[in-house]
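Student: Chains H and G, in that order, are what the protein sequence lines are.
Note that this note's numbering has the first sequence beginning at 68, numbered continuously upward.
Note that this note's numbering has the second sequence beginning at 27, numbered continuously upward.
Using N, Cα and C, we set each Cβ at its ideal position, and we do this for glycine too.
Predicted model only: the values in this text are computed from it and were never measured.
One structure, pasted below without further comment.
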Amino acid sequence: MRRPYQITGVVAMLVAPFLVWGSLRLRYYTPLGPGPGFFPLWLSILLAILAAAMFWQATFGRPEPMPADFYADRSGYLRIGAVVAALVGVIVLMEPLGFCLVMLGFYLFLLTVLGRQHWLLTGIIALAGSFGVYLVFVKWLATPLPIGLFGF
Amino acid sequence: METLHLLLNGFAIALQPMNLLFALIGCLLGTLVGVLPGLGPSAATAILIPFSFALEPTPAIIMLAAIYYGAMYGGTITSVLINVPGEAASAVTCLDGYQMARNGRAGAALAIAAIGSFIGGTIAVAALVVVALPLSTLALRFGPPEFFSLMLIGLTMVTGLAGRSIVRALMSAVIGLFIAMVGIDPVQGAPRFTFGITEMLGGFDIVPVVMGLFGVSEILLNIESPARQVFETKMSTLMPTREDLRRSIGSIMRGTGIGLFLGLVPGIGTMVPTFISYTVEKRVSKTPEKFGTGMIEGVAGPETANNAYANGAFIPLFTLGIPASPTLAILMGGLMMNGLIPGPLLFQAHSDFVWAVIASFVVGNVILLILNLPLIPMWVAVLKIPYSILFALILGIAVVGAYSVDSSVFGVGVMLAFGLLGYVFKKLDIPLAPFALTLILGPMMEKALRQSLEMSGGDLSVFLTRPLTATLLALAAIILVVNTAPAFSKVKADTQV
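This is the structure in structure tokens:
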């Protein structure tokens with residue numbers, strides 16, 4: 068597990084100066100006490116120190132054994148990619164197209180591509196998870212959900 | 027007498043049909059989500075928080091609390107039936123619970139867990155009733171410096187949740203604090219790290235953040251591997267035998283004492299009481315060599331300690347505003363979203379509410395005991411649903427929850443982003459508990475520090491001249507040293523190799 072911690076340490080060491088810079092743009096101290104930049108500045112410095120410690124431990128300490136499942140196989144990453152893509156699709160399309168249509172597509176996509184279930188079961192779950200949930204939340208719980216071009 | 031009167035009034039509210047209904051719904055939802063593979067109480071509570079938005083605060087928190095302890099019991103079910111702990115606290119239950127299940131005694135294991143949880147939980151609630159008012163009255167004398175010191179104790183407890191690396195735990199805590207800083211500064215109103223994005227001015231809502239960190243990340247980890255846990259355990263009778271009960275009584279009493287005592291210590295984590303209880307049971311047993319082969323004491327003790335701890339941990343949360351575990355931190359977020367700030371003022375400003383919720387713990391424990399034994403076959407059926415269907419359903423619920431926080435897809439984006447961050451954290455074995463605790467405690471701690479310094483005109487000696495503050499700070503320092511010393515000696519040993 069040496070390399071993943073070295074990379075994490077380096078990434079955190081690169082992020083920390085940016086955060087220090089952002090903190091310095093805020094007021095550090097005011098006549099009444101610490102300003103909005105006080106906490107973020109010290110946290111950024113602490114992050115840099117911890118990042119350096121992580122890098123140091125990973126490089127010079129006893130390496131921790133790499134778990135067998137640390138890296139997924141290609142199909143594993145494709146499954147993760149499919150879930151992330153489905154969620155990005157929801158984020159982009161939910162407001163223009165409405166909750167029902169987008170969630171219908173969301174379930175159809177996930178259950179077909181990853182679930183590989185029978186089309187009838189897929190259809191029932193997709194309808195219940197989209198139009199069914201819409202009815203429960205909007206009509207029963209009075210929680211607003213996005214209405215798209217088609218009025219649902 | 028005043029406490030008894032308040033408690034009876036609390037029962038009158040908790041037993042109102044609507045509140046009873048939401049306690050029942052919470053127990054069922056919590057157990058259901060706790061049973062689902064890969065989702066522990068933290069993720070379950072986080073994902074289900076939005077379901078409380080449409081409710082009044084009292085039924086909302088009654089339901090959330092029921093979800094919390096329902097999910098804890100749900101975790102036990104998976105530990106016994108498929109050897110997968112729903113959360114760290116149930117891990118030790120796998121040792122003998124799963125072996126009992128393999129011997130065809132899953133029903134007895136689950137029943138004794140439910141009975142022990144009920145006894146431990148009820149006694150812990152009784153303790154909460156006794157100490158709540160005196161402790162909150164004492165805490166009412168606290169000013170910002172005392173609150174800052176108290177929250178510092180909460181943060182130093184983070185080092186106790188470090189897992190295998192203190193550096194990784196502290197990094198998690200610092201990142202959590204930083205995320206908490208995003209948005210309008212609470213004292214002077216300056217925007218911090220918002221990058222001109224309007225939605226970030228209000229800061230990150232706790233709910234989508236924890237839904238992503240605990241829920242989405244768990245789903246990503248689960249779907250990464252095609253391996254499936256298939257329930258194959260045979261179920262026999264659900265009721266424990268007279269001999270089971272006789273052997274369990276002592277374990278349940280010892281578990282109650284251990285869980286309750288450790289529940290009073292904020293930040294100890296849910297795993298410690300169960301492991302201590304298991305160790306004690308093994309020590310007092312005449313046949314310690316049989317532990318790990320299906321000894322009912324190995325289920326009764328830790329499960330009781332777990333629930334006594336879970337209920338006892340409400341004492342520091344309600345009276346001092348310190349969450350003892352990530353799940354309680356999430357629950358605290360749920361309270362705050364309903365306009366209720368845990369701490370001594372809660373007992374003053376919302377007395378009816380807080381006593382109704384405390385009474386609902388007893389009601390919830392009864393509901394869990396009555397419901398769960400007959401419903402075990404149903405939970406077994408849930409375990410047979412393929413994960414390829416379950417994960418899509420959980421994600422769908424999470425999307426609805428994240429959206430409904432502020433009726434914006436920004437919440438869904440936040441959930442996804444923190445889901446990916448949580449996935450990376452879990453891969454790197456960076457604990458999420460410190461992140462969750464600092465995310466909740468950070469803003470309050472910053473506000474208390476800045477108010478303290480404003481009070482003293484910027485003079486830091488305000489923390490040393492007030493006896494209570496100085497004592498609390500000394501305690502924080504002792505906790506920090508005790509928790510970190512072994513880790514640093516380990517680092518030294520490691521780097522010398």
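Roughly how many whole angstroms lie between the Cα atoms of G/Met297 and G/Ser116?
Tutor: The count along the second sequence starts at 1 and reaches residue 297 of chain G at position 271. The count along the second sequence starts at 1 and reaches residue 116 of chain G at position 90. When rounded, the distance between both Cα atoms is 8 Å.
Student: Whole angstroms is fine: what's the gap from G/Thr119's alpha carbon to G/Gly324's?
Tutor: Locating residue 119 of chain G in the second sequence gives position 93, where the first residue counts as 1. Locating residue 324 of chain G in the second sequence gives position 298, where the first residue counts as 1. Going by the C-alpha atoms only, they are around 7 Å apart.
Student: From G/Met321 to G/Ala134, what does the alpha carbon distance come to, in whole angstroms?
Tutor: Position 295 of the second sequence, counted from the start, is the residue given in the question as residue 321 of chain G. Position 108 of the second sequence, counted from the start, is the residue given in the question as residue 134 of chain G. Distance between the alpha carbons of G/Met321 and G/Ala134 is about 11 Å.
Student: Could you list the residues in the segment 75-96 of chain H with a C-beta less than 8 Å from some C-beta on chain G, going in chain order?
Tutor: Thr75, Ala79, Leu86, Gly89, Leu93, Arg94, Tyr96
Student: Indicate whether at least one CB of chain H lies closer than 8 Å to the CB of G/Ile205.
Tutor: Working through the second sequence from its first residue, we reach residue 205 of chain G at position 179. Answer no: the Cβ-Cβ gap between G/Ile205 and chain H never drops below 8 Å.
Student: Quick check on the burial criterion: 16 or more other C-beta atoms within 10 angstroms. Buried or exposed for G/Asp122?
Tutor: Taking the first residue of the second sequence as position 1, residue 122 of chain G is located at position 96. Counting Cβ neighbours within 10 Å, G/Asp122 comes out buried, since at least 16 surround it.
Student: In chain H, which residues lie less than 7 Å from G/Gly222 when you measure between Cβ atoms?
Tutor: Locating residue 222 of chain G in the second sequence gives position 196, counting from the first residue. Here the premise fails: no neighbours, minimum Cβ distance about 13 Å.
Student: Between the segment 206-219 of chain H and chain G, which residues of the former have a C-beta closer than 8 Å to a C-beta of the latter?
Tutor: Leu208, Ala209, Thr210, Pro211, Leu212, Pro213
Student: My output table needs one value for H/Gly70: the three-state DSSP class, helix, strand or coil.
Tutor: Position 3 of the first sequence, counting from 1, holds the residue named residue 70 of chain H. Correcting the residue type first, residue 70 of chain H is Arg in the shown sequence and not Gly. DSSP places H/Arg70 in helix when its eight states are reduced to three.
Student: What are the partner residues of H/Gly100, as DSSP defines its beta bridges?
Tutor: Residue 100 of chain H sits at position 33 when you count from the first residue of the first sequence. Paired residue(s): H/Thr97.
Student: Can you name the residues of chain G whose CB is closer than 8 Å to the CB of H/Leu187?
Tutor: On the first sequence, residue 187 of chain H is found 120 positions in, with the first residue counted as 1. The contacting residues do not exist; H/Leu187 stays about 13 Å from chain G at best.
Student: Provide the residue span of the alpha helix (DSSP H) that contains G/Pro67, from first to last.
Tutor: For the purposes of this step, residue 67 of chain G is taken as the residue at position 41 of the second sequence. Unbroken alpha helix (DSSP H) run through G/Pro67: 67-74.
Student: Going by CA-CA distance only, name the one from H/Lys206, H/Gly199, H/Ala209 that's closest to G/Ile423.
Tutor: As a first step, residue 423 of chain G must be located in the second sequence, where it is residue number 397. For G/Ile423, the nearest C-alpha among the options comes from H/Gly199.
Student: By Cβ distance below 7 Å, which residues in the same chain neighbour G/Val256 in space, the five residues on each side in sequence not counted?
Tutor: Looking up residue 256 of chain G in the second sequence gives position 230. Caution is warranted here: a pLDDT of 49 is assigned to G/Val256, below 50, making its placement in the model unreliable, and the coordinate value is therefore given only provisionally. Annotation for G/Val256: no residue places its beta carbon closer than 7 Å to its own, counting only its chain and skipping 5 residues before and after.
Student: Which chain H residues sit within Cβ distance under 8 Å of G/Lys453?
Tutor: By one-based count along the second sequence, residue 453 of chain G stands at place 427. Here the neighbours are Pro71, Phe137.
Student: In this structure, does DSSP put G/Leu399 in helix, strand or coil?
Tutor: Taking the second sequence and counting its residues from 1, the one referred to as residue 399 of chain G is at position 373. DSSP places G/Leu399 in helix when its eight states are reduced to three.
Student: Which class does G/Gly209 belong to by DSSP, given the choice of helix, strand or coil?
Tutor: Locating residue 209 of chain G in the second sequence gives position 183, counting from the first residue. In this structure, G/Gly209 counts as strand in the three-state DSSP scheme.
Student: Distance cutoff 8 Å, beta carbons only. Does G/Val256 sit that close to anything in chain H?
Tutor: In the second sequence, counting from the first residue as 1, residue 256 of chain G sits at position 230. With a pLDDT of only 49 at G/Val256, under 50, the local geometry of the prediction cannot be trusted, and no value is derived from it.
Student: Can you tell me whether DSSP reads G/Ala519 as helix, strand or coil?
Tutor: Taking the second sequence and counting its residues from 1, the one referred to as residue 519 of chain G is at position 493. Because the pLDDT at G/Ala519 is just 48, under 50, the model does not fix this residue reliably, and the point stays unresolved.
Student: When the Cα of G/Ile223 is compared with those of G/Val208, G/Val380, G/Pro234, G/Leu176, which residue comes out closest?
Tutor: Mapped onto the second sequence, residue 223 of chain G falls at position 197. Comparing Cα-Cα distances from G/Ile223 to each of G/Val208, G/Val380, G/Pro234, G/Leu176, the minimum goes to G/Val208.
Student: Chain G beta carbons: is any one of them nearer than 8 Å to that of H/Phe18?
Tutor: Residue coverage of chain H in this structure runs from 68 to 219, which leaves residue 18 of chain H outside it and unanswerable.
Student: Would you verify that the beta carbon of H/Gly182 is, or is not, closer than 8 Å to some beta carbon of chain G?
Tutor: For the purposes of this step, residue 182 of chain H is taken as residue 115 along the first sequence, with counting starting at 1. Answer yes: the Cβ-Cβ gap between H/Gly182 and chain G drops below 8 Å somewhere.
Student: Can you confirm whether G/Tyr429, when its beta carbon is compared against all beta carbons of chain H, has any partner nearer than 8 Å?
Tutor: Position 403 of the second sequence, counted from the start, is the residue given in the question as residue 429 of chain G. By this cut-off, G/Tyr429 is an interface position.
Student: In chain G, which residues lie less than 9 Å from H/Leu114 when you measure between Cβ atoms?
Tutor: Counting from one through the first sequence, the residue named residue 114 of chain H turns up at place 47. Within 9 Å Cβ-Cβ: Met197, Val200, Ile201, Phe204.
Student: Measure the C-alpha to C-alpha separation of G/Leu176 and G/Leu498 and round it to an integer number of angstroms.
Tutor: Taking the first residue of the second sequence as 1, we reach residue 176 of chain G at position 150. Taking the first residue of the second sequence as 1, we reach residue 498 of chain G at position 472. If you take the alpha carbons of G/Leu176 and G/Leu498, they lie about 6 Å apart.
Student: Who are the Cβ neighbours of G/Ile384 in its own chain at under 8 Å, not counting the five residues just before and after it?
Tutor: In the second sequence, residue 384 of chain G corresponds to position 358, counting from 1. Cβ neighbours of G/Ile384 beyond the five flanking positions: Leu33, Gly36, Val151, Leu154, Val155, Ala158, Phe340, Phe344.
Student: For the segment 113-126 of chain H against the segment 486-498 of chain G, are there 3 or more C-beta pairs whose distance is under 8 Å?
Tutor: no
Student: Determine the burial state of G/Ala519: buried for a count of at least 16 other Cβ atoms within 10 Å of its Cβ, exposed for fewer.
Tutor: Translated into the one-based positions of the second sequence, residue 519 of chain G becomes position 493. Confidence is the limiting factor: at G/Ala519 the pLDDT is only 48, short of 50, which leaves the residue's position unreliable and the question unanswerable from this model.
Student: I need the straight-line Cα distance from G/Met21 to G/Ala137, nearest angstrom please.
Tutor: There is simply no residue 21 of chain G to check, as chain G begins at 27 and stops at 523 in what is shown.
Student: Spatial neighbours of H/Val205 within its chain, please: C-beta separation below 6 Å, excluding the five flanking residues on both sides.
Tutor: Counting from 1 along the first sequence, the entry for residue 205 of chain H is found at position 138. Contacts found: Leu212.
Student: So who's on the other strand from G/Arg218, going by DSSP bridges?
Tutor: Counted from its first residue, the second sequence places residue 218 of chain G at position 192. G/Arg218 is bridged by DSSP to G/Gly209.
Student: How about the segment 167-175 of chain G and the segment 71-81 of chain H: do they share at least three Cβ pairs that are nearer than 8 Å?
Tutor: Contact between the segment 167-175 of chain G and the segment 71-81 of chain H is absent, because fewer than three Cβ pairs lie under 8 Å.
Student: Rounded to whole angstroms, what's the CA-CA distance from H/Val151 to H/Gly172? Just pull it up for me.
Tutor: Here residue 151 of chain H corresponds to residue number 84 of the first sequence, with the count starting at 1. Here residue 172 of chain H corresponds to residue number 105 of the first sequence, with the count starting at 1. Straight-line Cα distance between these residues: approximately 14 Å.
Student: When you compare the CB positions of G/Gly147 and G/Gly281, do they come within less than 8 Å of one another, or not?
Tutor: The count along the second sequence starts at 1 and reaches residue 147 of chain G at position 121. The count along the second sequence starts at 1 and reaches residue 281 of chain G at position 255. Cβ distance not < 8 Å, so G/Gly147 and G/Gly281 don't count as in contact.
Student: Starting from the C-beta of G/Phe98, find all residues in its chain whose C-beta is less than 6 Å away, skip the five residues before and the five after it, and write them out in chain order.
Tutor: Along the second sequence, one-based indexing puts residue 98 of chain G at 72. The displayed chain sequence assigns Met, not Phe, to residue 98 of chain G. For G/Met98, where only same-chain residues beyond five positions count, the Cβ hits under 6 Å are Pro67, Ala336.
Student: Alpha carbon to alpha carbon, how far is G/Ser143 from G/Met89?
Tutor: Here the question's residue 143 of chain G lines up with position 117 in the second sequence. Here the question's residue 89 of chain G lines up with position 63 in the second sequence. C-alpha separation (whole angstroms): 18 Å.
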